[in-house]
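Worksheet: one structure, shown below.
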Amino acid sequence: MAEDSASDKARLGLKQTVVGKAKEVAGALTGNDSLTTEGRLEQEEARQARKADTLSHMAEAESEEAVEQLDAVHEAGQQEREAVQRRTEAAESQAEREARVRKQAAELEYQENVVREQSDAARQATAAEKQARREENAQVTDAAAEVAAADENHRRVFHDAERARLEAEEERRKAESLDRR
Numbered sequence: 586m587a588e589d590s591a592s593d594k595a596r597l598g599l600k601q602t603v604v605g606k607a608k609e610v611a612g613a614l615t616g617n618d619s620l621t622t623e624g625r626l627e628q629e630e631a632r633q634a635r636k637a638d639t640l641s642h643m644a645e646a647e648s649e650e651a652v653e654q655l656d657a658v659h660e661a662g663q664q665e666r667e668a669v670q671r672r673t674e675a676a677e678s679q680a681e682r683e684a685r686v687r688k689q690a691a692e693l694e695y696q697e698n699v700v701r702e703q704s705d706a707a708r709q710a711t712a713a714e715k716q717a718r719r720e721e722n723a724q725v726t727d728a729a730a731e732v733a734a735a736d737e738n739h740r741r742v743f744h745d746a747e748r749a750r751l752e753a754e755e756e757r758r759k760a761e762s763l764d765r766r
């Protein structure tokens with residue numbers, strides 16, 4: 586199921602990149618700056634989605650590694666408890682009480698370490714995810730600002746061209762009226 590999802594994401598990302606590139610090329614060929622910008626934006630969005638997906642996979646891998654390490658620590662703790670139990674059974678009653686005290690302290694420390702490690706791993710994964718989101722949001726904001734600036738520039742150029750066309754038309758009418766005289 587996860588592979589299908591990854592494949593679907595890859596296909597969707599490739600499709601978005603190809604569509605974006607096609608729009609960029611079409612815009613460049615037709616002189617449509619807005620279409621060119623839209624194509625570039627779609628390509629950037631696809632790149633950002635791939636980057637976020639990669640970061641998500643990395644965070645999952647780190648989380649799984651932390652769980653594996655935790656299992657290894659748990660196994661080592663279990664083996665230590667079994668060894669302490671064998672020594673405790675062989676020793677006199679005073680040695681048994683001391684072993685139980687040591688065992689309880691070791692278990693408490695182990696539990697504290699487990700909780701600490703889980704908490705650290707969760708904090709690191711959350712921090713990495715938040716950083717990835719901040720970076721993605723900043724890039725999307727930057728891209729949106731670029732699109733807005735490009736759109737404003739396009740409107741300004743269009744307005745200037747229209748004004749120049751109207752002025753030329755007016756000059757042509759004046760010239761025609763002078764020619765008629």
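Read in order, the letters of the sequence shown correspond to residues 586 to 766 in the working numbering. C-beta: ideal position from N, C-alpha, C; glycine also.
At the level of alpha carbons, what is the spacing between residue 718 and residue 689? Separation of residue 718 and residue 689 (C-alpha to C-alpha, rounded to the nearest whole angstrom) is 43 Å.
Might you give, ordered along the chain, the residues of its own chain that have their beta carbon closer than 8 Å to the beta carbon of residue 607, omitting 5 neighbours on each side? Take residue 607, set aside five residues on each side of it, and the residues of its chain with a beta-carbon closer than 8 Å to its own are 624, in chain order.
CA-CA distance, residue 751 and residue 740? Distance between the alpha carbons of residue 751 and residue 740: 16 Å.
Option nearest residue 597 by Cα separation, candidates 634, 626, 612, 616: Per the Cα distances, 634.
Helix, strand or coil: which one does DSSP assign to residue 617? Residue 617 sits in coil when the DSSP states are folded into three classes, being neither helix nor strand.
For residue 648 and residue 706, which I take to be in contact (beta-carbon distance under 8 Å), what is that distance rounded to the nearest angstrom? Between residue 706 and residue 648 the Cβ distance is about 6 Å, and since that is below 8 Å, they are a contact.
DSSP three-state label for residue 629, please. Residue 629 falls in the helix class under three-state DSSP.
Can you check whether the CB of residue 662 is closer than 8 Å to the CB of residue 631? The Cβ-Cβ distance between residue 631 and residue 662 does not fall below 8 Å.
Within 8 Å, do at least three Cβ pairs link the stretch 666-673 to the stretch 634-645? With the cut-off at 8 Å, the stretch 634-645 and the stretch 666-673 do not touch.
When 644, 700, 682, 748 are compared against residue 656, the one with the closest alpha-carbon: Relative to residue 656, the option among 644, 700, 682, 748 whose CA is nearest is 700.
Cα-Cα, which of 591, 697, 622 is closest to residue 734? Cα-wise, what sits closest to residue 734 is 622.
From residue 698 to residue 708, what distance separates their C-alpha atoms? Rounded to the nearest angstrom, the two C-alpha atoms are 15 Å apart.
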